[in-house]
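Student: Chains as they are written, first to last, in the working numbering: chain A, 39 to 280; chain W, 356 to 566.
Just so it is clear, CB atoms sit at the ideal spot from N, CA and C, and this is done for glycine as well.
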Amino acid sequence: MSNTKDSKHEDDALWQRIQEANTPTRAEMTRAELELQALEPDPAFAVDGARLSTAAAPAQRHSGRAKLAALAAGLLLLSVLAVAMGDQRSGRMATIDTFDEYLEHIKMPYQYTTAQQAIGPVGTTAIRSAQAIQTLAEHTAPAVAEAARRSLERLEQHKGHITEANHESYVDARLLVQGGKAEPAALLQAITDLESVCATATGALMAFEAPEGSQAAQNAQQLLSRVSQVTGSPRKAAERRR
Amino acid sequence: MSRSSDNLSRDHETLRLLKAGDAEGLTRLLEDHGPHIQAHLRRKFHSALDPWQIEDAVSLAAVRAWQSAKNFNPALGRLRAWFAVIARNCALSLIAKKRSETFVPLDEADPSAFGYTATDELERMRLVLDVHRAIEQLPNLQRLVLLADMNAGSTLPGPELARRFGTTLSSIYVARLRGRHRLRKLLWRMGYGPGRRRDDRPPLGQKNAAQ
Chain A
39 MSNTKDSKHE
49 DDALWQRIQE
59 ANTPTRAEMT
69 RAELELQALE
79 PDPAFAVDGA
89 RLSTAAAPAQ
99 RHSGRAKLAA
109 LAAGLLLLSV
119 LAVAMGDQRS
129 GRMATIDTFD
139 EYLEHIKMPY
149 QYTTAQQAIG
159 PVGTTAIRSA
169 QAIQTLAEHT
179 APAVAEAARR
189 SLERLEQHKG
199 HITEANHESY
209 VDARLLVQGG
219 KAEPAALLQA
229 ITDLESVCAT
239 ATGALMAFEA
249 PEGSQAAQNA
259 QQLLSRVSQV
269 TGSPRKAAER
279 RR
Chain W
356 MSRSSDNLSR
366 DHETLRLLKA
376 GDAEGLTRLL
386 EDHGPHIQAH
396 LRRKFHSALD
406 PWQIEDAVSL
416 AAVRAWQSAK
426 NFNPALGRLR
436 AWFAVIARNC
446 ALSLIAKKRS
456 ETFVPLDEAD
466 PSAFGYTATD
476 ELERMRLVLD
486 VHRAIEQLPN
496 LQRLVLLADM
506 NAGSTLPGPE
516 LARRFGTTLS
526 SIYVARLRGR
536 HRLRKLLWRM
546 GYGPGRRRDD
556 RPPLGQKNAA
566 Q
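#1: Give me the Cβ distance between Ala424/W and Leu385/W, rounded to the nearest whole Å; I'm assuming they're in contact under 8 Å.
#2: Am I right that Leu449/W and Leu404/W are in contact with their C-beta atoms under 8 Å? What's the rounded C-beta distance?
#3: Could you name each continuous alpha helix (DSSP H) segment of 4 residues or more that falls completely within the segment 470-545 of chain W, going from the start of the chain to the end?
#4: Touching or not, the segment 431-446 of chain W and the segment 511-522 of chain W, by the rule of three or more beta carbon pairs under 8 Å?
#5: Is Pro514/W close to chain A, meaning its C-beta is less than 9 Å from at least one C-beta of that chain?
#6: If we define contact as Cβ-Cβ less than 9 Å, is Ile450/W a contact residue for chain A?
#7: Among the candidates Thr369/W, Gln408/W and Gly380/W, whose CA atom is the shortest distance from the CA of Ala451/W?
#8: Should the segment 523-535 of chain W be regarded as contacting the segment 491-509 of chain W, the criterion being three or more beta carbon pairs within less than 8 Å?
#9: I'd like to know whether the C-beta atoms of Arg488/W and Glu66/A end up nearer to each other than 9 Å.
#10: Spatial neighbours of Asn426/W within its chain, please: C-beta separation below 8 Å, excluding the five flanking residues on both sides.
#11: Taking Asn495/W as the reference, give the member of Leu482/W, Ala530/W, Thr369/W and Met505/W with the closest Cα.
#12: Which class does Arg433/W belong to by DSSP, given the choice of helix, strand or coil?
#13: Contact criterion: CB-CB distance below 9 Å. Does Asp44/A meet it with respect to chain W?
#14: Could you round the C-beta distance between Leu482/W and Ala59/A to whole angstroms and report it? I think they count as a contact, below 8 Å.
#15: Could you tell me whether any Cβ in chain A is nearer than 9 Å to the Cβ of Asn444/W?
#16: Would you please state the rounded distance, in angstroms, between the beta carbons of Leu493/W and Leu538/W? I believe it to be under 8 Å.
#17: Does the Cβ of Ala446/W have 16 or more other Cβ atoms within 10 Å, making it buried, or fewer, making it exposed?
#18: Since I believe Phe438/W is in contact with Ala416/W (beta carbons under 8 Å), could you give me their beta-carbon distance rounded to a whole number of angstroms?
#19: How would you label Arg419/W, buried or exposed, when you count the other beta carbons within 10 angstroms and need 16 or more for buried?
#20: Please find out if some non-hydrogen atom of the ligand PLP comes closer than 8 Å to the beta-carbon of Pro79/A.
#21: Using the C-alpha atoms, what's the distance from Asp44/A back to Gln393/W?
#22: Taking the beta carbon of Asn444/W as the centre, do at least 16 other beta carbons fall within 10 Å, making it buried, or is it exposed?
#23: Could you work out which residue in Val413/W, His367/W, Ile441/W and Ala375/W is closest to Gly389/W when comparing CA atoms only?
#24: Keeping to the same chain, check which residues put their C-beta closer than 6 Å to that of Asp485/W; ignore five residues upstream and five downstream.
#25: Express the C-alpha separation of Ala503/W and His367/W in angstroms, rounding to a whole number.
#26: What is the residue span of the alpha helix (DSSP H) that Lys46/A lies within?
#27: Answer with yes or no whether the minimum CB distance from His401/W to chain A is below 9 Å.
#28: What does a CB cutoff of less than 7 Å around His391/W pick up in its chain, not counting 5 residues either side in sequence?
#29: Between Gln422/W, Arg397/W and Pro429/W, which has its C-alpha nearest Leu381/W's C-alpha?
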């Protein structure tokens, strides 16, 4: 590819094309409308909508706020952990608004560690996860092992401040956000990214090429099931409600 | 007043609220159209995304609609159709992200597999999908800036992004500049650009040797 001074114009022209492709056209909207007319609404979404309407009731709202606060506490704990992990960029993270940014900045294998902390920022689940991470980390890189050790220490220090907020609050927060009852963009993005990072973590583990039958492979398998177990929880909780 | 004109009138108000940044607009958008959009995505993408990822796509689309409501042109169609196309693009971005993070069976991310047949639309979807694949390969700040611009449907002000990402204005400009350039290189390898043909693109799901 040529690398001339026209390069920027070409970059911008392509970007313009990308933005156009990303913008709905009349033809696409017409086709989508025709397809929508032939569809029945998804009843599962309607159930969420019903929950949203109840969230406006005072008692429910109080509960939702409490759970949101608990979720925020979990996310703030992450900021402490992030500092402990020695990532300078993540050290800036102190609010939910920048949580998604933090997730964007971290890289493997920190993503794995963080994902575990993110999906289980409460009580013993997180601690057990951190212990498991530490075990795995010992088989990967000293720097990761050290980060995991520090994270574990921090978790131990903070467990007294962690409430019983759990995956249900995750689901509730999500529902509240969908209803526009809480800072929509920032919180929803944070919640979405949690799942995204979990998926990343799973991928990392699958990519982890431990020799079959080795202790490292067993640890990886254990962690995989743990990721699956934890990431599955909020979904199961939502399912139960339906 | 007919039901249709009622709906249009309600959409009009929803759009006004969205443009005003009123959270009630988001609520109305989701309550009025979420169920249909989710059904639409489930029908199209059930083979590539699980039900929860489809819900994520709807959620992402809501955020994107919230951020880019000013770009909606009622002359092109109804609000829910606009929302549906945005949601489709969000589903594609999730598929691209999923592919980069986990093991997704080959060919699962081919838009033609989702029942899209109109050539122009298919090409646009391929481009969207490939753009998201390429963006996933960019360094963090470049990726963040380009995604923010894409979500907003415009080039966001540098100071706003600098504040959002906790960096300097010049870093944002450099990231955008380099990100676009690198994106073009990556897409060129995928078969886009002058002198490139669709045949030059590697089969879907297969890594390009040039990368």
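Tutor: To lay it out plainly:
#1: About 13 Å; that fails the 8 Å criterion.
#2: 6 Å
#3: 474-490, 495-507, 513-520 and 524-544
#4: no
#5: no
#6: no
#7: Gln408/W
#8: yes
#9: no
#10: Gly508 and Ser509
#11: Ala530/W
#12: coil
#13: no
#14: 5 Å
#15: yes
#16: 7 Å
#17: buried
#18: 6 Å
#19: buried
#20: The ligand PLP is not among the ligands present in this structure, which contains no ligands whatsoever.
#21: 43 Å
#22: buried
#23: Val413/W
#24: Met545
#25: 26 Å
#26: Ser45 to Ala59
#27: no
#28: Arg435
#29: Gln422/W
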